[in-house]
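Q: Numbering (the working numbering), first residue to last: 300 to 904. Every residue gets a Cβ at the ideal spot worked out from N, C-alpha and C, and that includes glycine. In this text, all values refer to a predicted model and were calculated from it rather than measured experimentally.
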Ligand code: F6R
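Dropping the structure here:
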C-alpha cells in the first residue's frame, strides 16, 4: 500500500523519483506526487490524482537540477482520492510522505490543536504538523518525539526546509529498504525501485532513524547511537521488473511460471528427495507437530486451501487454514505442538504478519513461505522457505501462487517422509510427479485459450460460477478470485455438491459455469453436477484431464489438460484459470495490471 521513494545524490532527482514511482506504482495508484529541493535549496511539491504517467506529464521539466527529493504513489486510506490528499504533505518547515495508518490521528489532531492547520483529510498530514511543532533544528529529536506519539503503522520519509540535500526516514511495521550506491543514496518501500541502481541493500530496522545525504546513509537507534544495518544481496535483475515485450506484466508472469517452479524446486532436491538443509529448516519441526495451521490472505490463502486438501489424507493430522485477518483476532486453538505455516508473496501483509506474531506468542513453531527476501514476515518467522518467483509486479498474483504451491508440495513431501507416511521411493515418485507438472504448465501456456469463444461469452455476463470437488474445489477458489479482481465479473466458487443447496437458483440461461473435474474418485459425481447446471441452461466450460470420458455436448467448451496424477493437476489448471481471467480483462479493455481499488501489498488493516 503506497509506494515511497527518496533520493539524494549527484544525478537528477526528478528522473530517479519518477522512474522509482513507476516501479512502485503497483503498491497504489490513485494519486502521486514528489517533493524536492530546487537549485536554490527551496522545497517544491507537485502532486495530483491519477497515475504516475500523468504526474510525469504535469511535471515535464519541473525538478530539473534537483539532487534531492521524495516521491509517493498513494492507495487511499484516510481521506478520499483528491489532489490535496495526495502526498507529499507540507506543514511549516516539514515535507513528509507516509505509508501506513496512524490509528490515533483523531486524538492527536485535538491534542495538538491542528484542526485549523489541516488542508487534507489524511492522517499523514497530522504527522507532518506534529513534526513541525517538535522541530527546533534537531531532526532526530523531533522524529523521536513524533514516533512516541503515534499508534499505528508507518514508514515516513521527511525533508526539512533548512536541511537541503537531507532526507530522514523512520518506520514501524510498514516496509522500507535503503541503499548507498555509486549513483547516490536511495530509500524505497521495496526493492523494485532499487534494482536499477544496486545489488546490495538493507532493510530499515524498526524504530531506527535513517539519515540520507548525497554521499552517505547513516542509521541511528532511538538513543541516537549509530548502528550498522545488515546488508543483503538482491538476487533479482532489472529485466525481472520489466515487461520484456509482453503487453502486460500479468501475461509475462504467467509465462514465467515454469521457470519460477524450477527455481523453487530444483535447489531443494537432493538424491531425488526434498531437502531443506540449505534453508536451515530442521526435520524436528515436521516430526514433532500434532497439527498444522496455515494462515494467509487472498491468493496465498487459496494456496493454503490446496495444501490442506493435499496434506490431510497423506499426513493424517489436522490441517487447518485461516484467513489472517480473522485469525489475528481469534483465540486460535494452537500450541507448542502446532506448526504454523505462514504464506505471503510480499512478506509484508499486515494481517499475515500479525497472525505470525500471535502464533509465536502461543509458542507455536512458525515456518513462512515468502517471495520477497528480507521482508518482515521472513525475518520474524522461526524458519523461512523462500519461493524464487522473482518480482511479481501485476497486482493479480499468478507465479507467486504456483511457487507457493510448489513450496507447500515440497513441505508435504518432506513431512510425509520424516513422519514415515512416505517411503523414500514414494517421496521420490511424488517429486517426479511435481516436476512433471512443469511441462504440463508449458503446454497450457502455449494453448490458445484466447481463441476459444469463451472470453466473448464471459465478458458479456455479470455473474459466473466455478465448481469442483476436493482439490478441484480448492483450485476453483483461486480461479474465481482471479476473474473477479481483474475483469470485475462477479464469480463464486462452489463445492460442486453444495450448489444445489441454494445457489443453483442463480443458474439461468447462459450463466457461465467453469467446472473443474480432474479428480478421478469424484469424476462421475462432478459430471452429474455439470449435467444439473447444463439442464438449467448454463454455459459450461469444462476442464478435465486429456483422457477423461466426458460426453460430447456436455460442455460448451471443453479444455483438456495433460494427464497427471490427480494431486498435481492444480498446476496446469492454475494456468488456464489465470489466462481466462487475463483475456476476460483484456476483452473488456480494463487495466489488467492495476485493477481498480486494489494494491499489490496490503500493509494496512
Ligand atoms: C490476488 C492477490 C492477493 C494477495 C494477498 C496476500 O491476486 O494477489 O489476494 O494474494 O493480498 O498478499 P501476500 O501474498 O503478499 O501476503
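Would the beta-carbon of residue 901 be found less than 7 Å away from any heavy atom of ligand 1?
A: yes
Q: With 16 other CB atoms within 10 Å as the buried threshold, where does residue 406 fall?
A: exposed
Q: Should the stretch 585-592 be called in touch with the stretch 637-645, which here means at least 3 C-beta pairs below 8 Å?
A: yes
Q: On the DSSP bridge assignment, give the partners of residue 346 in chain order.
A: 332
Q: Closer than 7 Å to a non-hydrogen atom of ligand 1 - does that hold for the CB of residue 643?
A: yes
Q: Answer with buried or exposed for residue 884, where buried requires no fewer than 16 other C-beta atoms within 10 angstroms of its C-beta.
A: Looking at its Cβ environment, which holds 16 or more other Cβ atoms inside 10 Å, residue 884 is buried.
Q: Secondary structure at residue 915, three-state DSSP: helix, strand or coil?
A: This structure cannot speak to residue 915, because the chain is shown only from 300 to 904.
Q: Can you give the beta carbon distance from residue 882 to residue 748, rounded, assuming they're within the 8 Å contact cut?
A: 6 Å
Q: Could you pull out every unbroken alpha helix (DSSP H) segment of at least 4 residues lying fully inside the stretch 552-601, listed in chain order?
A: Segments of the alpha helix (DSSP H) lying fully in the stretch 552-601: 556-564, 583-586.
Q: In angstroms, rounded to a whole number, what distance separates the CA positions of residue 655 and residue 709?
A: Between the alpha carbons of residue 655 and residue 709 lies a distance of about 21 Å.
Q: With a threshold of 7 Å, establish whether the CB of residue 792 neighbours any heavy atom of ligand 1.
A: no
Q: Which complete alpha helix (DSSP H) runs does the stretch 348-381 hold, if anything under 4 residues is left out?
A: 351-358
Q: Among 678, 357, 438, 514, whose alpha-carbon lies nearest the alpha-carbon of residue 459?
A: 438
Q: Candidates 849, 838, 606: which alpha carbon is nearest residue 866's?
A: 606
Q: Counting along the chain, where does the alpha helix (DSSP H) carrying residue 624 start and finish?
A: 623-626
Q: Figure out for me which residue from 767, 303, 429, 461 has the closest Cα to the Cα of residue 319.
A: 303
Q: Please state whether DSSP places residue 791 in a helix, a strand or coil.
A: It is a strand residue.
Q: Classify residue 902: buried if its beta carbon has 16 or more other beta carbons within 10 angstroms, exposed otherwise.
A: buried
Q: Would you decide whether residue 332 is buried or exposed? Buried here means 16 or more other CB atoms lie within 10 Å of its CB.
A: buried
Q: Would you give the residue range spanned by the alpha helix (DSSP H) that residue 755 belongs to?
A: 753-758
Q: Would residue 782 pass as a contact of residue 790 if the rule is Cβ separation under 8 Å?
A: The answer is yes: Cβ separation under 8 Å.
Q: Can you tell which of 545, 554, 457, 450 has the C-alpha that lies nearest to the C-alpha of residue 428?
A: 457
Q: What residue range does the beta strand (DSSP E) around residue 399 cover?
A: 393-401
Q: Is the beta carbon of residue 705 closer than 8 Å to that of residue 698?
A: no
Q: Looking only at DSSP bridge pairs, what is residue 908 linked to?
A: Absent from the model: residue 908. The displayed extent of the chain is 300 to 904, so no value can be given.
Q: Taking DSSP's pairing of strands, which residues face residue 843 in a bridge?
A: 816, 859, per the DSSP bridge assignment.
Q: Please name the residue or residues paired with residue 485 in a DSSP beta bridge.
A: 306, 478
Q: By the 10 Å Cβ neighbour count, where 16 or more other Cβ atoms means buried, how is residue 779 classified, buried or exposed?
A: Residue environment analysis places residue 779 among the buried positions, since at least 16 neighbouring C-beta atoms fall within 10 angstroms of its C-beta.
Q: Relative to the alpha-carbon of residue 503, which residue among 543, 461, 455, 541 has its alpha-carbon at the smallest distance?
A: 455
Q: Whole angstroms is fine: what's the gap from residue 909's alpha carbon to residue 467's?
A: The structure shown does not extend to residue 909, since the chain is modelled only from 300 through 904, so no value can be given for it.
Q: Please report the distance separating the alpha-carbon of residue 761 from that of residue 841.
A: 19 Å
Q: Using the beta-carbon count (16 or more within 10 Å), is residue 242 buried or exposed?
A: No statement about residue 242 is possible, as the shown extent of the chain runs from 300 to 904 and does not include it.
Q: Which first and last residues belong to the beta strand (DSSP E) in which residue 468 is found?
A: 466-471
Q: Assuming contact is defined by CB atoms lying nearer than 8 Å, are residue 562 and residue 672 in contact in what I supplied?
A: No.
Q: Specify the secondary structure class of residue 532 as computed by DSSP and reduced to three states.
A: strand
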